[in-house]
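For reference, the structure is listed below as structure tokens.
Protein chains: 2
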Amino acid sequence: MRISELSAKSGVAIPTIKYYLRECLLHPGEQTAATRAEYDESHLRRLRLIRALLEVGRLPVASIKKIIEAVEDESLPLHLLLGTAHYALSATVEPEPGEEWQIARDEVDRLIADQGWDVTPAAPARDELAQTIVRMRQLGLPVDLKPYVGIAQKLVSEVEMNTIPFDGPRDAAVEALVLGTVLYGKAFEALRRMAQESESARRLSP
Amino acid sequence: MRISELSAKSGVAIPTIKYYLRECLLHPGEQTAATRAEYDESHLRRLRLIRALLEVGRLPVASIKKIIEAVEDESLPLHLLLGTAHYALSATVEPEPGEEWQIARDEVDRLIADQGWDVTPAAPARDELAQTIVRMRQLGLPVDLKPYVGIAQKLVSEVEMNTIPFDGPRDAAVEALVLGTVLYGKAFEALRRMAQESESARRLSP
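Just so you know, the protein sequences line up as chains A and B, in that order. Note that full-length UniProt numbering has the first sequence beginning at 1, numbered continuously upward. Note that full-length UniProt numbering has the second sequence beginning at 1, numbered continuously upward.
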């Protein structure tokens, strides 16, 4: 298809498509004449991925570039590719000095080991969780994460992972992971708040 | 206790306590001399609540003031008080023009009715969820929220609501709701990401 059709089908404006081509976020089309190139389904899928990373993941272009490079590096195992995309979506949490932090971080590492989870030592979620635990302690809140661990495990293994096409094109798996992590995460948060409201209404009604 | 002790016990600096007193976020102590007042446990609890709303909920002082006014209005039923705190924590989502939005919003309303949830028509989470559904559709993602609804319900009714002291002081219930909504939400999100990483490693390992 021509660039105009690619634009119409993807909903991405032509100047934006040209910008992605210049920045190497989008692979070039097949040159059919000096000023004319043909695009195909792979371009459409890539534009969808870029839009997902930009609009839903709210990632900066530099992070998107790293993910696209990982998608294109066919020698990179899919698991590491998904890790790259996943980590790019995480907030960076700086470890805090002091014993409190170290205790919380040790707890996180123990929890992961107890659970038998296969999570790399560098996963940003380890520090995210440690920081949350430190805040809970500072506010005198009980830190019992067991029920949350069980429910997170159930959500992911019974529902979320089934939506990722592990055997399809690499773009599609990354897109599904990003969309799943961000959008279903938001949907879950909204549902949780409504369940909280409903449940507290129920417990407080006469 | 004197203001210096209140400061030491709460970790809030004396000038900040004085600012809260002036802004009526903190109720006055008992005046024992012209320049001396006595504070008690209720002041400590209130400072903890303010800190939680500020640091964990990241609410602006104007929103905190509204919540404190609701806490102090003893004629307000606890359920409405919790609603006030809960809604203050939500992001405001503007409804979008067009049919897509209306279809999504109708689906949200139907889902809540089907679930038998007691959620006010003005709950911000309704629009939050509608917006997420619109984005999912725009990206061609399947919108099957049933499993998420079930898991959110389970998390809230079996775990979260049991941590709210419905029969204690009003400050304590609000504080538990705010801390629970924000901090346990963050903890759950970090756990979900780690479970995702682990589960995808498992499915992709030879």
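For every residue, glycine included, the Cβ atom is placed at its ideal position computed from N, Cα and C.
### Query
For the beta strand (DSSP E) that B:E30 lies in, which residues bound it at each end?
30 to 33
**Asked** Would a C-beta distance cut-off of 7 Å place B:I67 and B:A85 closer than the cut-off?
**Response** yes
Query - Beta-bridge partners of A:A37, as assigned by DSSP - result: A:Q31
Please confirm if A:V159 has its CB atom under 7 Å from at least one CB of chain D. In the structure shown, chain D does not exist; the protein chains are A and B.
Quick one: what does DSSP say B:A13 is sitting in, helix, strand or coil?
coil
Going along chain A, which residues have a C-beta under 7 Å from B:M194? The answer, in chain order, is I112, W117, V119, A123, A125.
Worksheet entry | Limits of the alpha helix (DSSP H) - the one that B:L179 falls within | It spans 170 to 179 - the alpha helix (DSSP H) in which B:L179 sits, taken as one unbroken run.
| task | Can you give me, in chain order, the residues of the segment 142 to 171 of chain B that have a beta carbon less than 8 Å from any beta carbon in chain A? | result | P142, L145, P147, Y148, V149, I151, A152, Q153, K154, L155, V156, S157, E158, V159, E160, M161, T163, I164, F166
(Q) What does the alpha-carbon distance come out to for the pair A:F188 and A:S75? (A) 35 Å
- Where A:G116 and B:I112 are concerned, what is the direct C-alpha to C-alpha distance, given to the nearest angstrom? Those two C-alpha atoms are separated by around 36 Å.
Taking C-beta pairs closer than 9 Å, name the residues in chain A that B:L44 reaches, listed in chain order. Residues of chain A passing the Cβ test: none, with the nearest at roughly 11 Å.
* Look at the Cβ atom of A:A152, then the Cβ atom of B:A195, and state whether they are nearer than 7 Å. => yes
Exposed or buried, what is B:I103 when buried is set at 16 or more other beta-carbons lying within 10 Å of its beta-carbon? exposed
Pairwise C-alpha distance: A:L82 and B:R192: 15 Å
Do you know offhand how far B:L6's Cα is from B:I164's? If I take the Cα positions, the gap works out to 25 Å.
Rounded to a whole number of angstroms, what is the C-alpha to C-alpha distance between A:D73 and B:P15?
-> If I take the Cα positions, the gap works out to 57 Å.
| field | Assigned exposure category for B:A34 - 16 Cβ within 10 Å defines buried | value | exposed
* If I'm right that A:L89 touches A:V182 with Cβ under 8 Å, what's the distance once you round it to whole angstroms? => At roughly 7 Å, the Cβ-Cβ gap stays under 8 Å, so A:L89 and A:V182 are in contact.
- Query: Cα separation between B:R110 and B:K154?
  - Reply: 20 Å
* To do: Grab the span of the alpha helix (DSSP H) containing B:A88 for me, first residue to last.
  => 78 to 88
Report task. Specify, as a first and last residue, the run of the alpha helix (DSSP H) that A:W117 falls within. Result -> Looking at the DSSP string, A:W117 is not in any alpha helix (DSSP H), and its letter there is neither H nor E.
- Message: Check this for me: beta carbons of A:L129 and B:A190, under 7 Å apart or not?
- Response: Taking a C-beta distance under 7 Å as the contact criterion, A:L129 and B:A190 qualify as a contact pair.
| Straight-line CA distance for B:V108 to B:Y87? | 17 Å
Review point. Under 7 Å between C-beta atoms, does A:M136 make it to chain B?
Key: yes
Note to self: Distance check for A:I50 and A:M1, CA to CA, integer angstroms please.
What the structure shows: 19 Å
**Prompt:** Is any heavy atom in the ligand MN found nearer than 6 Å to the beta carbon of A:I14?
**Reply:** Judged by which ligands are present, the structure shown has none, so any question about the ligand MN falls away.
Quiz item: Is the distance from the Cβ of B:E197 to the Cβ of A:V119 below 7 Å?
Solution: Yes, the Cβ-Cβ distance between B:E197 and A:V119 is below 7 Å.
* When the cut-off is 7 Å and only beta carbons count, does B:L80 lie next to chain A? -> no
Secondary structure of B:T92, DSSP reduced to three states: It is coil, neither helix nor strand.
(message) I need the boundaries of the alpha helix (DSSP H) containing A:A195, first residue and last residue.
(response) Boundaries of the alpha helix (DSSP H) harbouring A:A195: 185 to 204, taken from the DSSP string.
Is A:E197 close to chain B, meaning its C-beta is less than 7 Å from at least one C-beta of that chain? yes
**Prompt:** By DSSP, does A:S7 sit in helix, in strand, or in coil?
**Reply:** In the structure shown, A:S7 sits in a helix (DSSP, three-state: H, G or I).
Secondary structure of B:V159, DSSP reduced to three states:
coil
### Message
Can you tell me whether A:E99 is buried or exposed? The criterion is at least 16 other CB atoms within 10 Å of its CB, across all chains shown.
### Response
Exposed, because fewer than 16 other Cβ atoms sit within 10 Å of the Cβ of A:E99.
Straight-line gap, B:V93 to B:A70 (C-alpha atoms, nearest Å):
Spanning the two alpha carbons is a distance of roughly 23 Å.
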